[in-house]
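Numbering (the working numbering), first residue to last: 1 to 203.
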């Protein structure tokens, strides 16, 4: 024997049962209402705190980027911390610049994955791709006088290994590097310049 119930009757029965449960609950409908109100307040508070935390993070990130963008391009005098052919060097995010007696060597580092090793089933930790750009003045003096100017307050320190003889401390930083007599009565000056709302440029 089968009993067929109209779906509307079933819905009404469920609603009635829910009403009885709320009515029999300690405190009745008033207590249930206050519980729902408290849950809603907690959810609103969590959303508000999450929004405030995200906004503080975004503000801190913008401030850090703005401060970093105002840092001047600096040149370290070479004192054994790199290839001896470089008289000055400059380091930055993703690049190294080496100034030798005859040329400027710009090393650009880009990170890329290793799809070939991944296809072979091995773990591929990204490999560094390095592009090198060399800039040389044709027919220039191969032994110009090179010196730094606009000395900056910061110092660089290199503590390489356990032997203090290999350490390089208090390495001076300069805002400009001056090449005297690169051509007859012609000097060359390397310095960094960052226009507003733009990236750093080398001149």
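Beta carbons are placed, not taken as given, at the ideal position from N, Cα and C, and that holds for glycine.
Distance from the CA of residue 174 to the CA of residue 182, rounded to the nearest whole angstrom, comes to 20 Å.
Relative to residue 102, the option among 37, 136, 163 whose CA is nearest is 136.
Beta-bridge pairing by DSSP links residue 174 to 75, 151. Collapsing the DSSP output to three states places residue 85 in coil. In this structure, residue 109 and residue 130 form a Cβ contact; the two beta carbons are roughly 5 Å apart against a cut-off of 8 Å. When C-alpha distances from residue 73 are compared across 161, 152, 47, the shortest belongs to 152. Within the same chain, and ignoring the five residues on either side of residue 106 in sequence, the residues whose Cβ sits closer than 6 Å to its Cβ are 97, 133. When C-alpha distances from residue 149 are compared across 42, 180, 140, 92, the shortest belongs to 180.
Put simply, of 82, 188, 44 the residue whose alpha carbon is nearest the alpha carbon of residue 145 is 188.
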